[in-house]
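Here's the structure we're looking at; comments come further down.
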Amino acid sequence: MDAILEFWFGTEQDDLAVIQKQGSLWFASKPELDAEIRSRFGADVEAAARGELEHLTAEARGRLAVIILLDQFTRNIYRGTAQAFASDHLALGHCRTAISSKQDEALRRVERPFLYMPLMHSEDLTAQDEALRVFGKLVETAEGELKKTFENNLKFAHMHRDLIVKFGRFPHRNAILGRESTAEEAAYLADGAETFGQGKA
794 MDAILEFWFG TEQDDLAVIQ KQGSLWFASK PELDAEIRSR FGADVEAAAR
844 GELEHLTAEA RGRLAVIILL DQFTRNIYRG TAQAFASDHL ALGHCRTAIS
894 SKQDEALRRV ERPFLYMPLM HSEDLTAQDE ALRVFGKLVE TAEGELKKTF
944 ENNLKFAHMH RDLIVKFGRF PHRNAILGRE STAEEAAYLA DGAETFGQGK
994 A
């Protein structure tokens with residue numbers, strides 16, 4: 794657990810310092826980063842997907858580590874394949890359990906967006922609505938540069954929700970998941986669609 798969280802969040806104690814040092818890592822699409830995560834944490838990702846790390850989830854940061862494995866590292870290790878999304882339902886379950894049990898409140902603010910990210914990644918509108926609520930709450934709790942970071946998170950939450958409202962799913966996943974695009978989705982994809990680091994527009 795500690796190795797996962799230290800890799801993702803570093804060792805800085807100040808939330809803004811964490812963002813400044815680690816931010817470029819979080820949403821990068823680099824083959825060398827994907828390879829490093831695969832080498833260091835691939836076995837952990839597989840174990841989490843098999844439900845073998847449930848013992849970690851009794852504690853807030855342990856559950857966060859499991860969510861990062863299932864929702865973030867999967868997107869690095871399996872980028873551009875259906876497997877990148879195969880554990881999303883597991884991550885979403887952990888996310889909702891953490892929120893309902895208030896485990897999220899035990900985390901540092903800089904850590905919470907990654908606990909909430911499975912809501913944003915879900916193709917369920919209820920989850921998307923919940924994403925707006927929790928990311929909006931983060932914005933309300935912050936000031937200065939930290940607030941700007943959370944406002945950016947909230948902007949992306951709105952972008953994701955807008956796609957679910959319009960299409961009922963994320964069109965950029967269609968080709969990877971073997972789904973046939975509608976005419977409206979095909980037009981959207983042909984017009985330079987956002988793929989959020991995954992999928993083929």
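Take the sequence shown: its position 116, counting from 1, is numbered 909 in the working numbering, and each next residue is one higher.
All residues carry an ideal CB built from backbone N, CA and C; glycine is no exception.
Predicted, not measured: the structure shown is a model, and the values here were computed from it.
Buried or exposed (CB count within 10 angstroms, at least 16 for buried), residue i
i	result
Thr890	exposed
Thr850	buried
Gln806	exposed
Asp864	buried
Glu847	exposed
Glu938	exposed
Arg972	exposed
Residue i to residue j span [Cα, whole Å]
i	j	result
Tyr981	His951	17 angstroms
His887	Gln991	22 angstroms
Pro964	Thr942	26 angstroms
Val838	Met910	17 angstroms
Thr919	Lys814	33 angstroms
Ala935	Leu883	29 angstroms
Arg833	Gly873	20 angstroms
Val927	Lys940	14 angstroms
Ile861	Ala840	13 angstroms
Asp955	Ser822	23 angstroms
Lys967	Phe820	Going by the sequence as given, residue 967 is Asn instead of Lys. Near 21 angstroms, if we compare the C-alpha coordinates of Phe820 and Asn967.
Phe800	Ala976	42 angstroms
Gly816	Glu944	15 angstroms
Contacts around residue i, its chain only, beta-carbon distance under 6 angstroms, and the 5 residues preceding and following it disregarded
i	result
Glu881	The question names Glu, yet the displayed sequence has Asp at residue 881. Closer than 6 angstroms at Cβ, skipping near neighbours: His914.
Pro906	Asn946
Ala853	Gln896, Ala899 and Leu900
Ala828	none
Contact check, residue i vs residue j, beta carbons under 8 angstroms
i	j	result
Val932	Leu908	no
Gly818	Leu826	Note that residue 818 corresponds to Leu in the displayed sequence, not to Gly. Their beta carbons are under 8 angstroms apart, which means Leu818 touches Leu826 by this criterion.
Phe878	Ile830	no
Gln921	Ile892	no
Phe960	Glu978	yes
Ala875	Ile969	yes
Glu916	Arg962	yes
Gln925	Leu885	The residue you asked about is not Gln; residue 925 is Leu in the sequence shown. Against a cut-off of 8 angstroms, the Cβ pair of Leu885 and Leu925 comes out as no contact.
Beta-carbon contacts of residue i that lie in its chain and below 7 angstroms, excluding the five residues immediately before and after
i	result
Val811	Phe802, Gly803, Glu805 and Val903
Gly835	Ile870
Ala994	Note that Ala994 has pLDDT 40, beneath the 50 cutoff, so the model's placement of it is unreliable and the number below is only indicative. Once the five neighbours on either side are set aside, the close Cβ partners of Ala994 are His965, Leu982, Gly985, Ala986 and Thr988.
Arg843	none
Same chain, Cβ closer than 8 angstroms to residue i, five either side skipped, listed in chain order
i	result
Met794	Leu849, Arg854, Gly855 and Ala858
Taking 8 angstroms as the cut-off, does the stretch 887-904 touch the stretch 856-865 (at least 3 CB pairs, one atom from each stretch)? Cβ pair count under 8 angstroms is three or more, so yes.
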